[in-house]
Amino acid sequence: MSSQTKTRGDARRLNRNGGCMLLFGKLFLMMFPLLFIGIGVHTLYKNWQALGWPEVPIIISGSEAQASYDEDSESGEKTWSIDVRLHFTGTYQGKAISGNFLRSSRFGSSQPTPDEVEKQRRATLASYLRDGMTARVNPADTTQTMVEPSLIGPFFMIVFGLILLVFIVRKHKEILEEAD
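Taken in order, the sequence shown gives residues 77 to 256; the numbers are from the working numbering.
Listed below in structure tokens is the structure:
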């Protein structure tokens, strides 16, 4: 008898029957925006730190390119992009540093030919060779390097996560008000 009373009390406290599934659903919905916020805060912190690291000149030592696509789940339309990975080397206080970074460019709805992928790879490589490059190196751990750290991307991730969180909380309140 006491277990039935406890179960009814839990269901009333959650304003619905099936409280366990409702609780798991709420937790899952809250975790999604919190994931965006958490990754955004972590990336913002890392990039903020990297802006304080010393800059060293680097040399682009190689590159590779490939085509990839994203597919719209509703329409099935593919959007192709060409991803160019640039490899770099340099030195910081006599220690060799190396790494790579990725640059993507949208191509369109048709798959690029191997010649077009190669042309984009050469164009990307030429733009970075022409401009000259620097990388920021963590003085405490020279294996950590960052090319062009930015606070804009992480900031937008945090804002997106906050907007999702507010939307989910508001929808949850509307559902609870309708249930009463």
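A virtual CB, placed ideally from N, CA and C, is assigned to each residue, including glycine.
Counting only runs of 4 or more residues that sit fully inside the stretch 167-219, the alpha helix (DSSP H) segments are 190-207, in chain order. Taking all protein chains in view, the Cβ of Q196 is crowded by 16 or more other Cβ atoms within 10 Å, so the residue is classified as buried. Scanning T167, R179, A141, Q187 for the CA closest to the CA of Q220 turns up T167. In this structure, L178 sits away from Y204, with a CB-CB distance that is not shorter than 8 Å.
The C-alpha of G229 lies about 12 Å from the C-alpha of I113. Scanning its chain for C-beta atoms nearer than 7 Å, with the 5 sequence neighbours on each side dropped, one finds no residue around M107.
For the pair F236 and G138, the Cα-to-Cα distance works out to about 35 Å. In the same chain as I234, and ignoring 5 residues on each side of it, the C-beta atoms closer than 8 Å to its own belong to F112, I113, G116, V117, L120, in chain order. Bridge partners of E131 according to DSSP: R212. Residue state for G152 is assigned as coil, using DSSP reduced to three classes.
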